[in-house]
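J.: The C-terminal position of the sequence shown is numbered 382 in this note's numbering, with every residue numbered one higher than the one before it.
Glycine included, every Cβ here is placed at the ideal spot set by N, Cα and C.
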Amino acid sequence: MQHSARRDDTAAQPSRMQSAVFLPIGDEGRAELVERRIAEAITGGLIPAGERLPSESALARSLRVAPVTVREALVALRDRGLIVTRRGRNGGSFVADSADPAQFTAKRLGAMSRVALRDLGAHYSAITRACVGLAAARADASEVARIRQRLANADAADEKAWRRAADEAQTEIAALSQSARLTREQMRLQAEFSPFLGLIGQDASAREQQRRAVLAVLDALERGDADAAASAVDAFVRDSVALLIDHQMRLHRA
């Protein structure tokens, strides 16, 4: 019973990255868009196996769509085997245990063109650069120190724990810009780019490279050096895209 209670608390208080999944869909409130948003979050590992999704009414409010639209999307997700429905007091829609983020992400990477991959990197870099540029001027040193400490407490040997910590750090850095619009866009892009970072992050040396990149940004923010922060972002994205292209080539040879 205690385990169920903890899971309920987690579902009620999603992480910043999970919150990005449930940002409003917009005017095109079609079931296919809701299905795609949630499916990408599941297959990207942002919502882990066994975790309960918000209720239909909560999803409808968050995504700003009709409840029937959410219901149709959940039916499609069940048909794809991505979620299961459990009845009873602690019931609801849960991510299926068989949903393997690494497998789905590898398949998606293999199907992407290099142009599309580089374009995603360029978009991510542009928004993140804008965030860190403002953060360098607006962030308080104590705020930067807190992010640094949380990152230091993350277990780099645990792939999933490290990925969550790195995502949270990137989102918190974006929030230091004090721009709600830029932060929301960075969260959306982080949710899209993070599964690919997790794929190359299966290698310990790649995780260490990612850790050093985040620390380089934090160092620059502490100095109030916007140019250095932007350069660190550019280097991180450039190196990550290069690693992804190498991984893609190995997938094609397999």
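(1) Are Val162 and Val198 close, meaning C-beta to C-beta below 8 angstroms?
(2) Could you pull the DSSP bridge partners for Ile211 from this structure?
(3) If you check the beta carbons only, do Leu327 and Thr233 fall under 8 angstroms apart?
(4) Can you tell me which of Arg266, Gly178 and Leu325 puts its alpha carbon nearest to the alpha carbon of Ala303?
(5) If you draw a straight line from the alpha carbon of Leu174 to that of Gly352, how long is it in whole angstroms?
(6) For the ligand SAM, is there any heavy atom lying closer than 7 angstroms to the beta carbon of Met240?
(7) Over what stretch of residues does the alpha helix (DSSP H) that includes Met240 continue unbroken?
(8) Could you check the C-alpha separation between Thr311 and Ala188 for me, to the nearest Å?
(9) Note down the Cα distance separating Ala363 from Pro182, rounded to an integer number of angstroms.
(10) How would you write the range of the alpha helix (DSSP H) that Asn281 sits in, first residue to last?
(11) Does DSSP put Arg192 in a helix, a strand or coil?
(12) Comparing alpha-carbon positions, which option in Leu262, Ile301 and Ala264 lies nearest Arg278?
(13) Assess contact between the region 204 to 221 and the region 245 to 264, defined as three or more Cβ pairs (one per stretch) separated by less than 8 angstroms. Is contact present?
(14) Nearest-angstrom Cα distance between Arg246 and Ile373?
(15) Could you tell me the distance, in whole angstroms, from the CA atom of Val260 to the CA atom of Phe324?
(16) In the DSSP assignment, what residue or residues form a beta bridge with Arg180?
(17) Near Gly178, what residues of its chain come up, given a Cβ to Cβ distance below 7 angstroms and the 5 sequence neighbours on each side ignored?
(18) Smallest Cα separation from Glu296: which of Ala308, Ile275 and Glu160?
(19) Taking all protein chains shown into account, do 16 or more other C-beta atoms lie within 10 angstroms of the C-beta of Met315, making it buried, or fewer, making it exposed?
(20) Are Ala284 and Arg339 touching if we call contact CB-CB under 8 angstroms?
T.: Answer, in terms of the structure:
(1) For Val162 and Val198, yes; Cβs fall inside 8 angstroms.
(2) By DSSP's assignment, Ile211 forms a beta bridge with Val223.
(3) The beta carbons of Leu327 and Thr233 sit closer together than 8 angstroms.
(4) Residue nearest to Ala303 within the set Arg266, Gly178 and Leu325 is Arg266 (criterion: CA-CA distance).
(5) Each residue's alpha carbon lies about 31 angstroms from the other.
(6) Because no ligand of any kind appears in the structure shown, any question about the ligand SAM cannot be addressed here.
(7) Segment: none, Met240 is in no alpha helix (DSSP H) and carries neither H nor E.
(8) Between Thr311 and Ala188, the C-alpha separation is close to 22 angstroms.
(9) A straight line joining the alpha-carbon of Ala363 with that of Pro182 spans about 37 angstroms.
(10) It spans Ala269 to Asn281 - the alpha helix (DSSP H) in which Asn281 sits, taken as one unbroken run.
(11) In the three-state reduction of the DSSP assignment, Arg192 falls in the coil class.
(12) In terms of CA proximity to Arg278, Ile301 leads the group Leu262, Ile301 and Ala264.
(13) Contact between the region 204 to 221 and the region 245 to 264 is absent, because fewer than three Cβ pairs lie under 8 angstroms.
(14) The alpha-carbon atoms of Arg246 and Ile373 are separated by roughly 9 angstroms.
(15) Distance between Val260 and Phe324, taken at the CA atoms: about 22 angstroms.
(16) According to DSSP, which records beta bridges pairwise, Arg180 is partnered with Phe222.
(17) Correct list, in chain order: Phe222, Val223 and Asp225.
(18) The shortest C-alpha to C-alpha distance from Glu296 to any of Ala308, Ile275 and Glu160 is the one to Ile275.
(19) Around the C-beta of Met315, 16 or more other C-beta atoms lie within 10 Å, and the residue is accordingly described as buried.
(20) Going by C-beta atoms, Ala284 is nearer than 8 angstroms to Arg339.
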